[in-house]
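Counting from 2, one number per residue, gives the positions in the sequence shown under the numbering used here.
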Amino acid sequence: MQLFIPGLTGYRFSAARLHAAKYGVGSKVDIIPKVVQRFDDNQIAHFVDFIISPHVCTDLPFGEKVLKLSSGIELFIPNTIRNMGATRIIDQYLLYCKEMCSDFEPLGKSSLFTILDTCKASTRKSLQGINYFAAEAGEAFDGLRKMIEDKVTLCSDSERLIENLKRARFYLKSDYKVH
């Protein structure tokens, strides 16, 4: 038989004969997908509730992302802006579970990192140094305003230019920091 079917081993030959005797010759083998689940759905739901809570996100959610588990269950997770990085989120979550839910067994760190990676969200960056930028820009606006006020020939446009400079300076001090 091995001459006609290359790669046929004694085990495969015996398994084929056993299958033919049990199910009939030429019957199709139904392969049932086997789902190995090493965690509980409650563990995932608990972590997802934590990452969309005010402890991690201060902004309102916008839109949704679908997280599909290997078992076929779909979880709908809102898109959010996170105020801290993944490592800090996981450390805070593990401390939260230890303090608040002592009988609850959280997922491992690698699983939590995988969930955070799957649940993409924008991470707000630290804006240190933006105050220095705004202060120097404010001095520049003062210099420009003084130059405009010193020019008497542009009287008709000087008030409009000074008003626009005030608006630009206010924008730098307020709305620019949010972006």
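A virtual CB, placed ideally from N, CA and C, is assigned to each residue, including glycine. These numbers come from a predicted model, not from an experiment.
Straight through space, the alpha carbons of residue 7 and residue 14 are spaced by roughly 12 Å.
Between residue 68 and residue 94 a beta carbon distance of about 17 Å is seen, past the 8 Å cut, so the two are scored as non-contacting. Judged by beta-carbon spacing, residue 117 lies within the 8 Å limit of residue 90, meaning their Cβ atoms are closer than that value. For residue 35 and residue 54, the gap between their C-alpha atoms comes out near 34 Å. Distance check between residue 71 and each of 139, 40 and 84 places 40 closest, using alpha-carbon atoms only. For residue 32, the secondary structure class from DSSP, reduced to helix, strand or coil, is coil. Sixteen is the threshold: since fewer than 16 other Cβ atoms of the shown chains lie within 10 Å of the Cβ of residue 3, the residue is exposed.
For residue 49, the enclosing alpha helix (DSSP H) has its first and last residue at 42-52.
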